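Enquirer:
Residue numbers (my numbering), protein chains in the order written: chain A, 2 to 304; chain B, 25 to 438.
(1) In chain A, which residues lie with their C-beta within 9 angstroms of the C-beta of residue 420 (chain B)?
(2) Pull up the distance between the alpha-carbon of residue 280 (chain A) and that of residue 286 (chain A), whole angstroms please.
(3) With DSSP collapsed to three states, give me the class of residue 6 (chain B).
(4) Does the region 348-357 of chain B come into contact with the region 270-287 of chain B, if we say contact requires no fewer than three beta-carbon pairs (one atom in each stretch) closer than 8 angstroms?
(5) Taking the alpha helix (DSSP H) that residue 316 (chain B) belongs to, which residues open and close that run?
(6) Between residue 270 (chain A) and residue 32 (chain A), what straight-line distance do the alpha-carbon atoms span, to the nearest angstrom?
(7) Using a 10 Å radius around the Cβ and a threshold of 16 neighbouring Cβ atoms, would you call residue 187 (chain B) buried or exposed?
(8) Could you work out which residue in B:246, B:255, B:327, B:116 is closest to residue 212 (chain B) when comparing CA atoms only?
(9) Going along the chain, which unbroken runs of the beta strand (DSSP E) with 3 or more residues stay wholly within the region 58-109 of chain A?
(10) For a test of the three-state rule: what should DSSP assign to residue 226 (chain A), helix, strand or coil?
(11) Buried or exposed: which applies to residue 119 (chain A), given that a residue is buried once 16 or more other Cβ atoms fall within 10 Å of its Cβ?
(12) So, helix, strand or coil for residue 383 (chain B), using DSSP?
(13) Helix, strand or coil: which one does DSSP assign to residue 39 (chain A)?
(14) Just how far apart, CA to CA, sit residue 199 (chain B) and residue 160 (chain A)?
(15) If you drop the 5 nearest sequence neighbours on each side, which residues of the same chain put their C-beta closer than 6 angstroms to that of residue 87 (chain A)?
(16) Beta-carbon within less than 6 angstroms of residue 57 (chain A)'s beta-carbon, same chain only, minus the 5 sequence neighbours each way: which residues are those?
(17) Please state if the CB of residue 35 (chain A) and the CB of residue 249 (chain A) are separated by a distance shorter than 8 angstroms.
(18) On a CA-only basis, which of B:379, B:405, B:340 is nearest residue 69 (chain B)? Give me that one, please.
(19) May I ask which residues mark the beginning and end of the alpha helix (DSSP H) holding residue 11 (chain A)?
(20) Let me confirm a value: residue 196 (chain B) is counted as buried when at least 16 other C-beta atoms fall within 10 Å, else exposed. Which label applies?
(21) Measure from the C-beta of residue 482 (chain B) to each C-beta in chain A and report whether the shortest distance is under 8 angstroms.
(22) Closer than 6 angstroms by C-beta to residue 191 (chain B): which residues in its own chain qualify, once you throw out the five before and the five after it? Chain order, please.
(23) At which residues does the alpha helix (DSSP H) containing residue 138 (chain B) begin and terminate?
(24) For residue 298 (chain B), tell me which candidate among B:177, B:395, B:64, B:48 has the shortest Cα-Cα distance.
(25) Which first and last residues belong to the beta strand (DSSP E) in which residue 413 (chain B) is found?
(26) So, with DSSP's three-state summary, where would you put residue 280 (chain B)?
(27) Please list, in chain order, the residues of the region 108-131 of chain A that have any C-beta partner in chain B closer than 8 angstroms.
(28) Between the Cα of residue 387 (chain B) and those of B:66, B:209, B:171, spot the shortest distance and give me the residue it belongs to.
(29) Given that residue 153 (chain A) touches chain B, what residues does it touch there, using C-beta distances under 9 angstroms?
(30) Are the region 204-223 of chain A and the region 126-134 of chain A touching by the rule of at least three beta carbon pairs closer than 8 angstroms?
(31) Take residue 276 (chain A) and list the residues in its own chain whose beta-carbon comes closer than 8 angstroms to its own, dropping the five residues that flank it on each side.
(32) Using 8 angstroms as the Cβ pair cut-off and three pairs as the minimum, do the region 146-165 of chain B and the region 298-310 of chain B touch?
(33) Could you list which residues in chain A have their beta carbon closer than 9 angstroms to that of residue 399 (chain B), in chain order?
(34) Using only CA atoms, which one of B:267, B:422, B:294 lies nearest to residue 403 (chain B)?
(35) Residue 156 (chain A) versus chain B: which residues are under 7 angstroms apart at the beta carbon?
(36) Return the CA-CA distance between residue 206 (chain B) and residue 266 (chain B), expressed in angstroms with no decimal places.
Structure (structure tokens):
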């Protein structure tokens, strides 16, 4: 008879314990709370799916929810289409041989990631301020003064501006991940291709890129999860009411207003839990789709 | 050795904290800005009359106050005295049994009925917070700019727009107002300038009674005026924050600043020479209406550890001494008691004197109307900001608010 592998249980215990208590349990309790409703006197009772029905069918709620959802999608696509390609280009440039001061560039580009979002929001608000910001003056110097607008205040541009600020802050992360993957591409393969007469362009597209595809997938999914959980930048720049006309409202700010309340809107933990659950489902669906359709089909090369 | 001393230190800290708690009245508040004032002026003045009672002022940031107070009240760790928001926020607490009924308690006799409305049940039977102070809304103007351009305080709306035009011609920003933070558009602008159109209390009560709608001309007119303000705001007002507006006016770049009386203290600190005028009326001779909003009250936590001392403090809050200290030290907040107080700050005096000639009303939506869903306060911030930015027509703003109001409020569904 084999002995019970106690050592496995002992080694797993700390992680399982910490994860269950601080992550799994709160998550499950949130899912549970979403099925309850609060009365005026503050007591809660089981209400089935009524919170979800309200969010998805009540015109006032569903308009706010789908507006936040759509804005959140835009927020994500801007990151996907701008942040990650820039990260890829920067990583490729940094991994070029003989680039002077590569380490300095790397540090400088990564630096904003380390700053607090509140500081980032404040600095960019000042830079873009139509009253005392430097951006209008700088644009005037190159003859673009007419194109300056109070971007953060306009319904058409506020969300894009905030997304770009976020891209500016976080571009260092995809850059670092891709850079690490590029460094792992074996030297001999690249040299062999070189000897065969492949151009640098062709080496990138046909050798390096396929080898780092799993990392690009990882970056995409991290961006997705991060963006659909985003809240802090919008809150610090536009407040919980995410103006103008809710054009910068994303799921995180909608959740905040629902859960904690804002001004005359009374906070409701149960309704908030329902919104949080919907956010969780969106992220779960996104990650699930990715793993099912993309991750499984990626070819990994034995190097 | 090190270990023993740490233990000793911890032990003494514990002891000190329990001692402090035994006889201390703790005040919950959102007035973080007034902390020094409470500690250096108000509390010592109380202790002079009531020696031996320790009072601790423990404020939380305004944006976090309501949620963290609710959490502390539910958890049983809240202070003995609770600073009350007006109307529904506090009414909810009272209904949940988290505020004591205060009718007939010492000090309450010094307040007029109109002041107590903000902290009473809808039928007016139970009062649960003592009224502390109100804020008044109007306009500040830069005295130097007005003197240089030979401008006078505008009394009518025609004069007001003529003044704005003159300021614009002189290259000043006529109105220091932005919509990035949104709340000013409603709390300082819409419910302040609108009171003249809807005749203050008369219009407000008609809405609650279901006899008037937001789409009626007297309400749309307020948004109409705001729509005309557009050209007189600074370029980029849509991204201008409240702090930006304050700076613009403090630096002397703007002529007029739509203000709440609490702004007085800030501009005094900046050494600005400024005056105030009430929202201009339609034509000369009309009775003016001002938004004189009951903003702060004080209630007692039923589960407080020190209720007897808390009531002693409350009685002092209703005294002449407190009314005088609060009005004159917390510049821009006006005591709501019946006591006669001489206001020393010139601008504050100007504003409180409006009460003599103008009708007083509170912020339009503060009572009852904020209760439903969609939350009217948030909606008003949104539509009023859009009207100022020229992105929404006044009648659409009115229609949107009315639709939301009628959705849940029975008297409006007829």
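Cβ coordinates follow ideal geometry from the N, Cα and C atoms, glycine included. It should be emphasised that the depicted structure is a prediction, and the values quoted were computed from it without experimental measurement.
Expert: Quick answer:
(1) What residue 420 (chain B) touches in chain A: nothing, since even the nearest Cβ is about 12 angstroms away.
(2) 10 angstroms
(3) Nothing in the structure corresponds to residue 6 (chain B), since chain B is present only between 25 and 438.
(4) yes
(5) Unbroken run through residue 316 (chain B) is the beta strand (DSSP E), 313-324; no alpha helix (DSSP H).
(6) 12 angstroms
(7) buried
(8) B:246
(9) none
(10) helix
(11) exposed
(12) strand
(13) strand
(14) 27 angstroms
(15) 172
(16) 63
(17) no
(18) B:340
(19) 7-20
(20) buried
(21) Outside the displayed range of chain B (25 to 438) lies residue 482 (chain B), so it cannot be described from this structure.
(22) 198, 279
(23) 137-140
(24) B:177
(25) No beta strand (DSSP E) contains residue 413 (chain B), which DSSP labels as neither H nor E.
(26) strand
(27) 126, 129, 130, 131
(28) B:209
(29) 204, 262, 263
(30) no
(31) 56, 66, 252, 255, 256, 259, 260
(32) yes
(33) 258, 262, 263, 264, 265, 266, 267
(34) B:422
(35) 415
(36) 9 angstroms
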